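So in numbering that gives the first Met the number 0, the last spot in the sequence shown is 118, and the numbers never skip. Yeah, the Cβ is synthetic: ideal placement off N, Cα and C, and Gly gets one too. Quick caveat: nothing in here was measured; it's all calculated off a predicted structure.
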Amino acid sequence: MSRDKGSRFEQIALKHLVANNLQLIEQNFHCRLGEIDLVLRDGESLVFVEVRYRKSNRFASAAHSVNKQKQAKIARTAAMYLARHPALSRCTVRFDVVAFDSADSDHGALQWIRDAFRV
0 MSRDKGSRFE QIALKHLVAN NLQLIEQNFH CRLGEIDLVL RDGESLVFVE VRYRKSNRFA
60 SAAHSVNKQK QAKIARTAAM YLARHPALSR CTVRFDVVAF DSADSDHGAL QWIRDAFRV
């Protein structure tokens with residue numbers, strides 16, 4: 000997916016999450032271990048969000064593309080985030096996925112999967 004398209008879907012996801020009372024802490028956190036698309040607060044929980052888009056479900060849906068290997072990479076990156084932000088280390092951590100699937104358009108149907116995986 001192009002960076003522009005990825006940014007567009009991240010913005011759509013962010014708008015949806017904020018409309019559901021989550022608060023943005025950081026967008027596109029990068030470190031040597033990887034990237035986390037969105038970091039938000041949901042009450043006392045710290046939420047790490049992976050945003051995925053698939054134009055076609057031929058091989059896997061957007062949500063299913065966050066496989067065990069990708070989950071492990073996100074978890075390692077989240078651990079690095081927490082190490083860099085010790086004030087947040089007492090928060091309960093949750094991993095969500097916001098997935099967009101579309102065979103016919105570039106808009107896709109948004110699917111928010113709370114607590115999509117655990118580590």
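Relative to ARG31, the option among LEU16, ARG53, LEU109, ARG83 whose CA is nearest is ARG83. By the criterion of a C-beta distance shorter than 6 Å, PHE94 is surrounded in its chain by PHE47, ALA115, PHE116, once the five residues flanking it on both sides are discounted. For ASP100 and VAL50, the gap between their C-alpha atoms comes out near 11 Å. Just so you know, the alpha carbons of GLN26 and SER6 end up roughly 10 Å apart. Bounds of the beta strand (DSSP E) holding ALA108 are 108-116.
Ranked by Cα distance from ASN19, the options PRO85, LEU39, ILE35 are led by LEU39. Each residue's CA atom was taken as its position, placing LEU23 and ARG53 some 24 Å apart. Linking GLN68 to ARG75 through their CA atoms gives a straight-line distance of about 11 Å. Within the region 1-82, the runs of beta strand (DSSP E) that reach at least 3 residues and sit entirely inside it are, in chain order, 22-30, 33-41, 44-53.
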